[in-house]
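Residue numbers (the numbering used here), protein chains in the order written: chain E, 1 to 242; chain P, 243 to 484.
Glycine is no exception: its CB is placed at the ideal position from the N, C-alpha and C atoms.
Protein chains: 2
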Amino acid sequence: MPATASSARSERPEAAPKKGGIRRAKEAQILRAAERVFARTGFAGARMADIAAAARLPKPNLHYYFRSKRALYRAVLANILELWLAETDIIAADADPAAALGHYVRAKMRFSRFYPDASRVFANEIIHGAPEIGGFLRQELKALVERKSAAISAWVAERRMAPLDPRHLFFAIWAMTQTYADFATQIEAVLGVPALGEDEFAAATEEVVRLVLRGCGLDGAPKSRVSAARPSRRRPPVGSSG
Amino acid sequence: MPATASSARSERPEAAPKKGGIRRAKEAQILRAAERVFARTGFAGARMADIAAAARLPKPNLHYYFRSKRALYRAVLANILELWLAETDIIAADADPAAALGHYVRAKMRFSRFYPDASRVFANEIIHGAPEIGGFLRQELKALVERKSAAISAWVAERRMAPLDPRHLFFAIWAMTQTYADFATQIEAVLGVPALGEDEFAAATEEVVRLVLRGCGLDGAPKSRVSAARPSRRRPPVGSSG
DNA sequence: CAATTTTCTGACCGTTTGGTCAAGTTCTCC
DNA sequence: GGAGAACTTGACCAAACGGTCAGAAAATTG
């Protein structure tokens, strides 16, 4: 897949893939601003003028790089889907169920911590019926879940973990981890803190990991506590899969 | 708390609590339609004309009963919060942790099944920073979680369940159960079904219950499998509480 | 250093949308 | 049954918003 976000999900060539020098930088700048605004107010609530202001550019400049509001929104989504898949792919052919699931949950929690706006845009899109990424969900995501589920089912068959439907396990893990981004406002309110900082996320991560592992019948101390380094945005650690 | 939804969260008297005969019925009719439309497109995306159409009323009629779009939105939210709290209150002073948590999860899953639009409006509001119900989250909800958490902490202290932070357990349960309403589109796509029916919800409920109970160190067969009767909307089973 | 392409931007426009209004119609209650 | 309140609605705004355009500035190129 070409890295240029403006190519969205291909479809039409959309302004030919000219690799203008300035273009790439400005598009990224606009996409960042757009992600923030879309996350805060949703697609309909976001105003092009606000995005322009957030990107510190005059409004017509946005339309120079992105045909329309919807095109910009789709570009933002395309950007996010890449990230989402990359993080999800971490659950590789790890030999040990506990380690694999632990890594996966931790990766998801890092995602919620470092890309909360991306998570919120994604959540918003799905809540409203996924009008733009329905195809992605039914194709790529479904296929990915089926691949990963096969591995987990194997572990279940080998009595290496409690019997469960892997697909619902995925739903549960996605929900539990993404809630720390999407519902951060609620969590902050209940915890009585102004914002979820490193401490809160560390605590939350441990709780979720324990809950998931125990829930899967996988006790024992979690192995590697990888330092919570910020994953590089443009070159995510795309592990194998299959 | 007065049942009239239009009283919202009080604040201003808002059109005096006149109990017009027709008023009550029409307001309910409008609120139902508004909930559906707000759930599908969010606050900003919803158009008064669409709500009017959904309610089968001319647009000015909406403004006769609700001052403004925002007032209508708040009324819808107030409606939802009542429901939300009621369902949450089910986790009473149940003697048995497994039974209590099991009941709670099942109640939440019923909520997702029967009031998906309510759940989506709520989710939307929170994702966008809870501009209207921030106070509710910091007051009522926080207090409720603290009360319930005390009970769970007691169980933990008595070694009746695995050690964990009850607040994060709540976040996890909310996330896992609400995802079947808010993210139904995604789940349907991954499962490859056109809609989540009774079968899917039954299966999902069992998976989530097992995951939670096992995750809390509470194994053993789930006790009562209460028939999944639709809870009455206006008179929810308000149990006592702490 | 032209010539030409790419990038930038102030001013402008057509539509959409929340909200209003005044003139009805129906209900309520004595 | 009639006076007054409650309710209904077609016609109408003003503001907001996505999008356009023509011309100016930079970049790029030969």
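Within chain E, F171 have C-beta atoms less than 8 Å from the C-beta of P/I429, given in sequence order.
The Cβ of P/D424 sits closer than 8 Å to at least one Cβ of chain E.
Near chain E, meaning a CB-to-CB distance below 8 Å, the residues of the region 341-373 of chain P are R362, A365, N366, I368, I369, H370, G371 and A372. Neighbours of E/K142 in chain P, taken as residues whose beta carbon is under 8 Å from its own, are A431, V432 and G434 in chain order.
The beta-carbon separation of P/E329 and E/D165, rounded to 24 Å, does not stay under the 8 Å limit for a contact.
In the three-state reduction of the DSSP assignment, E/M161 falls in the coil class, being assigned neither a helical nor a strand state. At a cut-off of 8 Å between beta carbons, P/A446 contacts chain E.
At a cut-off of 8 Å between C-beta atoms, P/L379 counts as an interface residue with respect to chain E. Scanning chain P for C-beta atoms nearer than 8 Å to the C-beta of E/G215 yields R452, L453, V454, R456 and G457, reported in chain order. Straight through space, the alpha carbons of E/L196 and P/A342 are spaced by roughly 29 Å. Annotated three-state conformation of P/Y357 is coil, per DSSP.
Assigned with DSSP and collapsed to three states, P/A446 falls in helix.
Against chain P, the beta carbon of E/D165 has neighbours under 8 Å at A445 and E449, listed in chain order. The shortest CA-to-CA distance from E/G215 to any of P/A414, P/I429, P/D441 and P/F443 is the one to P/A414. For E/F170, the enclosing alpha helix (DSSP H) starts and ends at P166 to D182.
The Cβ of E/T179 sits closer than 8 Å to at least one Cβ of chain P.
With contacts defined by Cβ atoms closer than 8 Å, E/L62 and E/L72 form a contacting pair. For a Cβ distance threshold of 7 Å, residue set V190 of chain E lies close to P/V387, ordered along the chain. Listed along chain P, the residues sitting closer than 7 Å to E/T41 by beta-carbon distance are A286 and H370. In this structure E/A118 is in contact with E/E35, their Cβ atoms being roughly 6 Å apart against a cut-off of 8 Å.
The C-beta of P/G439 comes no closer than 8 Å to any C-beta of chain E. With respect to chain E, the C-beta atom of P/M418 has a partner C-beta closer than 8 Å.
According to the DSSP assignment, P/V279 belongs to the alpha helix (DSSP H) that extends over G263 to G287. Counting only Cβ-Cβ distances below 7 Å, E/A162 has contacts in chain P at R456, in chain order. Per the coordinates, the alpha-carbon of P/A317 lies some 24 Å from the alpha-carbon of P/T421.
The C-beta distance from P/T447 to E/H128 rounds to 25 Å, too long to meet the 8 Å contact threshold. Its Cα nearest to that of P/A365, the residue P/A426 stands out among P/D461, P/A426, P/D292 and P/W397.
Cβ contact annotation for P/F285 (same chain, cutoff 6 Å, sequence separation greater than five): Y315, in chain order.
DSSP places E/V76 in the uninterrupted alpha helix (DSSP H) bounded by K69 to T88.
DSSP, reduced to helix, strand and coil, places P/V432 within a helical segment of the structure shown.
Counting the other Cβ atoms within 10 Å of the Cβ of E/P163 gives fewer than 16, which makes it exposed.
Distance between E/I152 and E/I133, taken at the CA atoms: about 26 Å. In this model, P/R355 and P/F443 are separated by some 7 Å (Cα to Cα). Residue environment: E/V193 is assigned as exposed (fewer than 16 neighbouring CB atoms within 10 Å of its CB, all protein chains considered).
Taking C-beta atoms as the reference points, P/V279 and P/A267 fail to come closer than 8 Å.
Contact check for P/S391 against P/R409 passes: the beta carbons are separated by less than 8 Å.
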